[in-house]
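Chemist:
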Amino acid sequence: MIQNKYIVRLAFFGLFINIIVNMIYYRYFIIEEMILKQVGEANIKIAGVYTKNVWNRNKTAVNKLHEFGYINLLQDADFIKFATTSVDIFVNLNAYISLYDLQGHKIITSSPIQITSQVNFPEDTLYQRIISQFDKYFLKELVVEQAFNKAFKGMTSHILIPRALFHMSGKVEKASCITSYIPIINRDLSRYPVDGVLEINTNITSLWSSIIELEKKVLLTFFIIMLIFLIIVISNTNYAQKIIDQQFEANKALEEAVIKVRNESSAHTKFFANVSHELRTPLNAIIGFSEIMMSTPYNKEHDNYIKDINSAGKHLLSIITDILDLSKASADKLLVEFIELDLNKLITSTVRIMNPRADQASVQLIEKLPKDHIVIKADPKRLKQVFFNLLSNSIKFTKASGTITIYAEKDEPKGLVYIQVIDTGIGIDERDIPKVLSTFGQIDSTVGRKYQGTGLGLPLTRKLVELMKGKFELQSKIGIGTTVTLTFAYD
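Read left to right, the sequence shown gives residues 1 to 491 (our numbering).
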């Protein structure tokens, strides 16, 4: 459970790192696509305009420049006109522009400026120093080596300098810039030789600062959101862990309680079994001696006493037997056999035995069995015990002139056998049915006190039916009667 908490937090940390990495890549994507690319394209357009409107229109001065060099043309009218026009255009553009001849000499410039690249400025904050290290790594592809020399071979290059010092007119200014080296191509010749090179330095300090400020705001917002989210995650995981721990402790306590109850139940079962065995021996002796005495003639009063002793002993023995059987069944130690038996014969035999008791109570027992004998696999002894218990209950709770019907039917399509014991007795309230099916369960009413019993008959009967893989159902209504349905499978 604790591992789950740390897995959630680790996943959150992974998400945090993933977002940071994506933000870094997005930063350099913006720098490359929205700054370098756009400024580079603008500088190429400047070079194109200059080439078309100045360079190509001053071919005489350009040819003299190639032939004599700019040093020898300082007094030349064509060259002076060319230089003046060039400077006017350079000054009107928002950039520092210089023109180089084929020997690499700077012949014309809009402003005398020297640019030096810096890794960091002394007053940089920690954030700026960290960003500079990222810039050093991610912007290395934007630093073109020997860009000036490559321009004389016809290659255009753009170099981003995020931290630079502009030296001009005795002043030093911190700035960010993009330097473009753009060759001037003579397209009149088939091989397009380079006529000269333009160096265009574009100050992007304001644009770069805007990106930095936006970046700070985004990062700050992101960190605040992530901090809040982290607090929520930690709080929720701690709360969830607390609930899980409480549940774990509750489950542990419940398991211990179940084990304790099982141990106590096992101890009670053993106690009932031992006591039942101890009581059955003297009871059998009492019943045996009372039967011997019943065969000996005494006066009428003594005969009644002996019969009462014999009847009470048999009743007590049946109770003890039920307790022993129920304790064994509850402990899953009551074994049942599965052998083929004739259900019709078993029911008829049971009814024959119970008839004297029914006659004594003035209750009629009715059999409704199919002509074809039903054969199922069950334990004959235990099934007979089930019928005895059900019929005994029905006789006890059915008033004189009432009827008890035992009914059996075979459902061949479903492969099931239904056995019902239906009486016209006093019935049970539906709310009390779960109670009478529980061990030692008795209805707390005048009816329950009138018909005293142990409350073992029905629970034991249901347990025996279930052990024989059958189904036990009880339906009852007060004043109408009770119906018990047993369902068994047959081959």
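Note that CB positions come from ideal geometry on N, CA and C, so glycine has one too.
Kindly give me the distance between the Cβ atoms of Glu337 and Asp379, rounded to whole angstroms, as I take these residues to be in contact under 8 angstroms.
Modeler: Glu337 to Asp379, Cβ: 5 angstroms. Contact.
Chemist: Can at least three beta-carbon pairs, one atom from the segment 56-75 and one from the segment 198-207, be found at a separation below 8 angstroms?
Modeler: Touching, no, given that fewer than three Cβ pairs across the two stretches are closer than 8 angstroms.
Chemist: Measure the beta-carbon distance from Ile182 to Ala151 and round it to whole angstroms, keeping in mind my assumption that it falls under 8 angstroms.
Modeler: That belief holds up - the Cβ atoms of Ile182 and Ala151 are roughly 7 angstroms apart, short of 8 angstroms.
Chemist: For Ile107, tell me which candidate among Leu126, Leu93, Ser86 has the shortest Cα-Cα distance.
Modeler: It is Ser86.
Chemist: Label Val417 either buried or exposed according to how many other C-beta atoms from any shown protein chain fall within 10 Å of its C-beta, with 16 as the threshold for buried.
Modeler: So Val417 ends up on the buried side.
Chemist: Going by the beta-carbon positions, is the gap between Ser157 and Trp208 smaller than 8 angstroms?
Modeler: Taking 8 angstroms as the Cβ cut-off, Ser157 and Trp208 do not qualify as a contacting pair.
Chemist: Do Glu340 and Val351 have their CB atoms nearer than 8 angstroms?
Modeler: No. Outside cutoff.
Chemist: Given Ile376, which residues of its chain have a CB within under 8 angstroms of its CB, disregarding the five upstream and five downstream residues?
Modeler: Cβ within range, chain order: Glu340, Leu341, Leu343, Val417, Phe488, Ala489, Tyr490.
Chemist: By alpha-carbon positions, which one of Gln241, Thr116, Lys37 ends up nearest to Ala164?
Modeler: Nearest C-alpha to Ala164: Thr116.
Chemist: Note down, in chain order, each residue of its chain lying with its Cβ closer than 6 angstroms to the Cβ of Thr109, except the 5 sequence neighbours on either side.
Modeler: Within the same chain, Thr109 has close Cβ partners Ser98.
Chemist: What do you reckon, are the CB atoms on Gln420 and Val484 nearer than 8 angstroms?
Modeler: Yes. Within cutoff.
Chemist: Note the first and the last residue of the continuous beta strand (DSSP E) segment covering Pro162.
Modeler: That run of the beta strand (DSSP E) goes 157-168.
Chemist: Let me know if Asn94 comes out buried or exposed under the rule of 16 or more other beta-carbons within 10 Å of its beta-carbon.
Modeler: Looking at its Cβ environment, which holds fewer than 16 other Cβ atoms inside 10 Å, Asn94 is exposed.
Chemist: Could you check the C-alpha separation between Lys153 and Asn186 for me, to the nearest Å?
Modeler: About 13 angstroms.
Chemist: Name the two residues that bound the continuous alpha helix (DSSP H) containing Ile200.
Modeler: Looking at the DSSP string, Ile200 is not in any alpha helix (DSSP H); the run it does join, the beta strand (DSSP E), is 194-203.
Chemist: Taking the Cβ atom as the reference point for each residue, do Ile406 and Ile347 lie within a distance shorter than 8 angstroms?
Modeler: Taking 8 angstroms as the Cβ cut-off, Ile406 and Ile347 qualify as a contacting pair.
Chemist: Tell me, to the nearest whole angstrom, how far the beta carbon of Thr424 is from that of Thr461; I am working on the premise that it is less than 8 angstroms.
Modeler: With 8 angstroms as the limit, Thr424 and Thr461 do not qualify as a contact, their Cβ atoms being about 20 angstroms apart.
Chemist: Would you report the Cα separation of Ser235 and Phe222, rounded to the nearest angstrom?
Modeler: Straight-line Cα distance between these residues: approximately 20 angstroms.
Chemist: Let me make sure I understand the geometry here. Which of Gly14, Ser394, Pro413, Glu430 has the alpha-carbon closest to that of Leu458?
Modeler: For the residues Gly14, Ser394, Pro413, Glu430, the minimum Cα distance to Leu458 belongs to Ser394.
Chemist: Within this structure, are the beta carbons of Tyr50 and Gly196 separated by less than 8 angstroms?
Modeler: Not in contact: Tyr50 and Gly196 (Cβ atoms no closer than 8 angstroms).
Chemist: Buried or exposed: where does Lys477 fall if 16 or more other Cβ atoms within 10 Å of its Cβ makes it buried?
Modeler: That one is exposed.
Chemist: Quick check on Gln118: does DSSP put it in helix, strand or coil?
Modeler: Coil.
Chemist: Could you round the C-beta distance between Asp88 and Thr60 to whole angstroms and report it? I think they count as a contact, below 8 angstroms.
Modeler: Actually they are not in contact, since the Cβ atoms of Asp88 and Thr60 sit about 19 angstroms apart, beyond 8 angstroms.
Chemist: Kindly indicate which three-state DSSP category Gln420 falls into: helix, strand or coil?
Modeler: Reduced to three states, the DSSP call for Gln420 is strand.
Chemist: Mapping DSSP to helix, strand and coil, what is Phe152?
Modeler: Here Phe152 sits in coil by DSSP.
Chemist: Need the endpoints of the beta strand (DSSP E) that Lys396 sits in, please.
Modeler: Where Lys396 is concerned, there is no enclosing beta strand (DSSP E), although the alpha helix (DSSP H) it sits in stretches over 380-397.
Chemist: Does Lys377 come out as helix, strand or coil in the three-state DSSP assignment?
Modeler: DSSP places Lys377 in strand when its eight states are reduced to three.
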